[in-house]
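Numbering-wise, my numbering comes out as the position in the sequence shown, counting from 1, plus 2.
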Amino acid sequence: MKTIGYVRNFINKERLYVWILIFIIFVNILNITTGPKVHIKQSKEIKAKEESFKYDYSLTQEKLKILMKEKREVVFALNFLVLLVMFSVISGLMIDFYLVFNRNKKNAPFEITKENLEVTWNVWDVCKVAVLFVFFGYILVLSESGLDNIFPAIKTKEHVRMMVNSSVLDILAIVFVLYVVVSEYGKKIKNLGLSVSSFFKNIFIGLSGYLAALPAILGSLLLVVWIAKLVNYEPPVEPVLKLFLEEKNVIFIFYSAVFVTILGPICEEIFFRGFLFASLRKRMGSVRAILITSAFFSLLHTNMIGFIPIMILGVLLAYLYEVTGSLVSPIIVHIIHNTGMMAFIFLLKEMKIY
Numbered sequence: 003m004k005t006i007g008y009v010r011n012f013i014n015k016e017r018l019y020v021w022i023l024i025f026i027i028f029v030n031i032l033n034i035t036t037g038p039k040v041h042i043k044q045s046k047e048i049k050a051k052e053e054s055f056k057y058d059y060s061l062t063q064e065k066l067k068i069l070m071k072e073k074r075e076v077v078f079a080l081n082f083l084v085l086l087v088m089f090s091v092i093s094g095l096m097i098d099f100y101l102v103f104n105r106n107k108k109n110a111p112f113e114i115t116k117e118n119l120e121v122t123w124n125v126w127d128v129c130k131v132a133v134l135f136v137f138f139g140y141i142l143v144l145s146e147s148g149l150d151n152i153f154p155a156i157k158t159k160e161h162v163r164m165m166v167n168s169s170v171l172d173i174l175a176i177v178f179v180l181y182v183v184v185s186e187y188g189k190k191i192k193n194l195g196l197s198v199s200s201f202f203k204n205i206f207i208g209l210s211g212y213l214a215a216l217p218a219i220l221g222s223l224l225l226v227v228w229i230a231k232l233v234n235y236e237p238p239v240e241p242v243l244k245l246f247l248e249e250k251n252v253i254f255i256f257y258s259a260v261f262v263t264i265l266g267p268i269c270e271e272i273f274f275r276g277f278l279f280a281s282l283r284k285r286m287g288s289v290r291a292i293l294i295t296s297a298f299f300s301l302l303h304t305n306m307i308g309f310i311p312i313m314i315l316g317v318l319l320a321y322l323y324e325v326t327g328s329l330v331s332p333i334i335v336h337i338i339h340n341t342g343m344m345a346f347i348f349l350l351k352e353m354k355i356y
């Protein structure tokens, strides 16, 4: 009886979110029951696109020597990027050795001053934001069906649709987070870790941490790719990768690059580290909160090939937030990481290595 009473009180208190959950469940059931027909109808077109993308890739080795002669400046940029990565890995290994052999806090090069943040929101608040995020995602997709006639680019280009959806949803997620923290709990954005206190020191900590983690990130990526080749597993092409390799509109490419390298990382760090990790840490402690947040972060970002490297990055980002109490370090690291990936993708595009 107590359980029934608790459920009844919960439904009465959170009626809005209960109705939203019912809507989400209904849409998913409808999608499952009608999805296969749509999938069969579109399967030939999707398969043809994927095969054409792979076909270009199969010609890469034959065209590589010619491309390297025709575009020397691109080859120079690629060589510079490779040398920069090698230098970063060596620097990271040196930092790792230093940390291993100088674990005594007295020998630390500087003292880390942690911001003490008051976290008043809980896991249920995170769930409510997630429910709203999914709900508005469905609303956005449904709305686009009516906007196709007004904005033909949304209908004809999946790249435009994907980037518009990502931009709107990321901004909405941060609005929801700020509403919970500032409006419902009466706290300041500083409680999320958004503070300029010790700004440059936190940037330095972030850079040092990223260099220290880079050997593990790249090493795990190479290991997973090697295993995938052994078992003849070929992962699907990432939508973001296809966007930058295939898109021709310069303005749209510029906006997408800014979103991926700057706006996206800022929004993601506010949600994953400032909001989600902080609530989990209050409930289960730092270690489990770091692992759960990082696994969730990785699942939402990539396929099987990149799961472990992205999770290692997620662990680093959460750890930086834990030791500094500031989002400056994880945001800087996230921006640098995404910028490096973007530079590599643009070089591939210029050399037509796809």
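Even glycine gets a Cβ: it sits at the ideal position worked out from N, Cα and C.
Contact annotation, residue 345 with residue 275: C-beta distance approximately 24 Å; criterion of less than 8 Å not satisfied. The Cβ atoms of residue 292 and residue 317 lie closer than 8 Å to each other. Residue 276: not part of any alpha helix (DSSP H); DSSP gives it neither H nor E. DSSP places residue 219 in the helix class (H, G or I) of the three-state scheme. Between residue 187 and residue 123, the beta carbon gap of about 6 Å places them in contact (Cβ cut-off 8 Å). Here residue 105 carries a coil assignment [DSSP, helix/strand/coil]. Residue 323 counts as buried, since at least 16 other C-beta atoms from the protein chains shown sit within 10 angstroms of its C-beta.
For residue 337, the uninterrupted alpha helix (DSSP H) run begins and ends at 330-353, by DSSP. Considering only 209, 169, 135 and 195, the residue with the shortest C-alpha distance to residue 271 is 195.
Residues 330, 331 and 334 of the same chain have their beta carbon placed closer than 8 Å to that of residue 205, with the five preceding and five following residues left out of the count. Shown here for residue 284: same chain residues with a beta carbon closer than 6 Å to its own, the five before and five after excluded, namely 121 in chain order. At the C-beta level, residue 340 and residue 262 come within 8 Å of one another. Separation of the CB atoms of residue 241 and residue 91 is rounded to 28 Å, and the pair is thereby denied contact status at 8 Å. Within the segment 297-331, complete alpha helix (DSSP H) segments of at least 4 residues are found at 309-326, given in chain order. Comparing C-alpha distances from residue 280 to each of 84, 104, 78 and 127 shows the shortest one belongs to 127. Three or more Cβ pairs closer than 8 Å define a contact, and the segment 127-138 meets that threshold against the segment 176-186. Remark: C-beta atoms of residue 233 and residue 307 do not approach each other more closely than 8 Å. Of 169, 326 and 103, the smallest CA-CA separation from residue 139 is found for 169. Residue 282 sits close to residue 294, with the two beta carbons spaced by under 8 Å.
Judged by their CB atoms, residue 219 and residue 314 are nearer to each other than the 8 Å cut-off. Check the Cα spacing between residue 130 and each of 327, 164, 18 and 222: the tightest is with 18. By the CB criterion at 8 Å, residue 184 and residue 191 fall inside the cutoff. For residue 249, the closest alpha carbon among the candidates 100, 141, 342 and 161 is that of 161. Taking C-beta atoms as the reference points, residue 97 and residue 210 count as a pair closer than 8 Å. Going by C-alpha positions, residue 255 is about 26 Å away from residue 311. About 12 Å separates the beta carbons of residue 258 and residue 243, which is beyond the 8 Å limit, so they are not a contact pair. For residue 296, same chain residues with a beta-carbon under 7 Å away, outside a window of 5 residues either side, are 313, 316, 317 and 320 in chain order. When secondary structure is reduced to three states using DSSP, residue 123 falls in the coil class, being assigned neither helix nor strand.
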